[in-house]
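In the working numbering, the protein residues as written are 1 to 386.
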């Protein structure tokens, strides 16, 4: 109480709130931003939204709106409530791992193309939580880079999903058939987007996820056993990602199974019975590749896809291009969070139990006991590579 009410974040960040109030506010904001970021168990709306939305809306939802949850966690929860973050960080780490694995496993059960991509987004947002809760400059930078990277990758994938739907008028992957035969450009662009999403080296997804992994693995706040378990479980999600994405490409572009809606008695083939072996199941019809009524990606569509793919590759080869924009701010925020952690550790050195699934408060000699952490100390403690 007291003072003039204000929404100025600089002034709010300078205030010292009671710990109980911080914990209450942090919990409320975590739920609010968790819904926006599609954190388990507040994720159920996202597949439904993508499944019903048009492709332009899905591009905006996945590319921009979903990332507002992660941005809010950094700007409000970390920056304004650093003491509460010390208590909630382990919970966020666990939720992040759950997101990664649950989203990946749930993707396997989706037959709708956009719903599979939506569950992929849930999985990728788990890495954002890991980076935010890493107490590490590189981890937080990686979380922001993951939001930028996934925004570009998800946008191009949903755009190409719309291009495919424009031709086939279906989102059911088993009904697509061998459309790669008649739409090679769309197949090539879709493959590039999927490879970026599965974190292929040289693309932005690899740079962001590697930063988060290194940030979590080198964090001096958590115990060795806790970090090992988290890194291992997150790596399981990384292994699952190419499986469901590459299987999606196969179902979309080179599926010759019986599930495709292919009518051998199609009137277009009555006079071409000798060529039935060359026919492909395309959408809801059986057609010869040369006689397909569907056109490949047009120059405008290829240009739009390249507008996303070029920065994806650029950030992949030179991630500092994006990181240098926000690096100073994230370092300042993380320094404040670590300072709060030091104060809490002095007051209650055994804030967490000693077990394999919980973090371990570092001893006083591992971090400065008084004053702010200097830049050199931060670099040496966190193991940041400049």
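All C-beta atoms, glycine included, are put in the ideal place defined by N, C-alpha and C.
(request) Report the option in 307, 326 and 20 whose CA atom is closest to the CA atom of residue 156. (result) Looking up residue 156 in the chain shown gives position 156. For residue 156, the nearest C-alpha among the options comes from 307.
(message) Count Cβ pairs between the stretch 244-258 and the stretch 190-199 that sit closer than 8 Å; are there 3 or more?
(response) yes
(request) Tell me whether residue 182 sits in a helix, a strand or coil according to DSSP, three-state version. (result) As a working mapping, residue 182 is identified with position 182 in the chain shown. The answer is coil: DSSP assigns residue 182 none of H, G, I, E or B.
(message) Per DSSP, what are the beta-bridge partners of residue 172 in this structure?
(response) Counted from its first residue, the chain shown places residue 172 at position 172. According to DSSP, residue 172 bridges with 112.
(message) Report the start-end ranges of each alpha helix (DSSP H) in the stretch 56-105 that is 4 residues or longer and not cut off at the edges.
(response) 67-72
(message) Using 8 Å as the cut-off, can you tell me whether the stretch 120-133 makes contact with the stretch 296-307, which would need three or more C-beta pairs spanning the two stretches below that distance?
(response) no
(request) State the DSSP-derived secondary structure class of residue 38, mapped to helix, strand or coil. (result) Position 38 of the chain shown, counted from the first residue, corresponds to residue 38. Reduced to three states, the DSSP call for residue 38 is coil.
(message) Do residue 140 and residue 134 have their beta-carbon atoms positioned less than 8 Å apart in this structure?
(response) Working through the chain shown from its first residue, we reach residue 134 at position 134. Working through the chain shown from its first residue, we reach residue 140 at position 140. Contact: yes.
(message) Judging by CA-CA distance, which residue of 101, 25 and 22 is the nearest neighbour of residue 234?
(response) Taking the chain shown and counting its residues from 1, one reaches residue 234 at position 234. Among 101, 25 and 22, the Cα nearest to that of residue 234 belongs to 101.
(request) Identify the continuous alpha helix (DSSP H) that holds residue 223 and give its terminal residues. (result) One-based indexing of the chain shown puts residue 223 at position 223. From DSSP, residue 223 is part of no alpha helix (DSSP H); its letter is neither H nor E.
(message) If you follow the alpha helix (DSSP H) that residue 213 is in, where does it begin and where does it stop?
(response) Numbered from its first residue, the chain shown carries residue 213 at position 213. 204-217 is the extent of the alpha helix (DSSP H) around residue 213.
(request) Pair every Cβ in the stretch 163-181 with every Cβ in the stretch 231-245, then say whether three or more of these pairs are closer than 8 Å. (result) no
(request) Return the CA-CA distance between residue 69 and residue 198, expressed in angstroms with no decimal places. (result) As a first step, residue 69 is located in the chain shown; it is residue number 69 there, counting from the start. As a first step, residue 198 is located in the chain shown; it is residue number 198 there, counting from the start. Taking the straight line joining both Cα atoms gives about 22 Å.
(message) For residue 14, report the span of its alpha helix (DSSP H) as first-last.
(response) Residue mapping note: residue 14 aligns to position 14 of the chain shown, counting from 1. Per DSSP, residue 14 belongs to the alpha helix (DSSP H) from 9-14.
(message) Is it the case that the stretch 314-329 contacts the stretch 204-224, given that we only count it when at least three CB pairs across the two stretches are under 8 Å?
(response) yes
(message) Let me check understanding here. Comparing Cα to Cα, which of 94, 7 and 158 lies closest to residue 112?
(response) The sequence position of residue 112 within the chain shown is 112, counting from 1. Per the Cα distances, 158.
(message) For the pair the stretch 23-40 and the stretch 83-102, tell me if three or more CB-CB distances fall below 8 Å.
(response) yes
(message) Given this structure, state the Cα-to-Cα distance separating residue 71 from residue 117, to the nearest angstrom.
(response) The residue labelled residue 71 in the question sits at position 71 within the chain shown. The residue labelled residue 117 in the question sits at position 117 within the chain shown. Their Cα atoms are separated by approximately 22 Å.
(message) Once DSSP output is grouped into helix, strand and coil, what is the label at residue 154?
(response) Start at 1 with the first residue of the chain shown, and residue 154 comes out as number 154. Reduced to three states, the DSSP call for residue 154 is helix.
(message) Less than 8 Å between the beta carbons of residue 213 and residue 231, yes or no?
(response) On the chain shown, position 213 is the one that residue 213 refers to. On the chain shown, position 231 is the one that residue 231 refers to. Result yes, Cβ atoms of residue 213 and residue 231 sit closer than 8 Å.
(message) Tell me which residue opens and which closes the alpha helix (DSSP H) that residue 50 is part of.
(response) For the purposes of this step, residue 50 is taken as the residue at position 50 of the chain shown. Start and end: 45-52.
(request) Could you pull out every residue in the same chain whose Cβ sits closer than 6 Å to the Cβ of residue 336, ignoring the five residues on either side in sequence? (result) Sequence index remark: in the chain shown, residue 336 carries index 336 (1-based). Here the set comprises 82.
(message) So, with DSSP's three-state summary, where would you put residue 191?
(response) As a position in the chain shown, residue 191 is number 191, starting the count at 1. Residue 191: helix per DSSP, three-state reduction.
(request) Consult DSSP for residue 317 and reduce its assignment to one of helix, strand or coil. (result) For the purposes of this step, residue 317 is identified with residue 317 of the chain shown, where counting begins at 1. Three-state DSSP puts residue 317 in a helix.
(request) Look at the alpha carbon of residue 211 and the alpha carbon of residue 342, and state the distance between them as a whole number of angstroms. (result) Position 211 of the chain shown holds residue 211. Position 342 of the chain shown holds residue 342. Distance between the alpha carbons of residue 211 and residue 342: 24 Å.
(message) So the candidates are 229, 254, 44 and 327; which of them puts its Cα closest to the Cα of residue 182?
(response) Here residue 182 corresponds to residue number 182 of the chain shown, with the count starting at 1. Among 229, 254, 44 and 327, the Cα nearest to that of residue 182 belongs to 254.
(request) Compute the Euclidean distance between the alpha carbons of residue 145 and residue 322, then round it to the nearest angstrom. (result) In the chain shown, residue 145 corresponds to position 145, counting from 1. In the chain shown, residue 322 corresponds to position 322, counting from 1. C-alpha separation (whole angstroms): 7 Å.
(message) What would DSSP say about residue 148, mapped onto helix, strand or coil?
(response) The sequence position of residue 148 within the chain shown is 148, counting from 1. Helix at residue 148.
(message) Suppose the cutoff is 7 Å on Cβ atoms and the five residues either side in sequence are ignored; what does the same chain contact list for residue 67 look like?
(response) Residue numbering aside, residue 67 sits at position 67 when the chain shown is read from its first letter. The answer, listed in chain order, is 147 and 151.
(message) Buried or exposed, going by whether 16 or more other CB atoms sit within 10 Å of the CB of residue 131?
(response) Numbered from 1 along the chain shown, position 131 holds the residue referred to as residue 131. Burial call: buried.
(request) Indicate the three-state DSSP secondary structure (helix, strand or coil) for residue 31 in the structure shown. (result) The residue you call residue 31 lines up with position 31 of the chain shown. Three-state result, residue 31: helix.
(message) Tell me the DSSP secondary structure of residue 341 in three-state form.
(response) Within the chain shown, residue 341 is the residue found at index 341, counting from 1. Looking at residue 341 - three-state DSSP - the assignment turns out to be helix.
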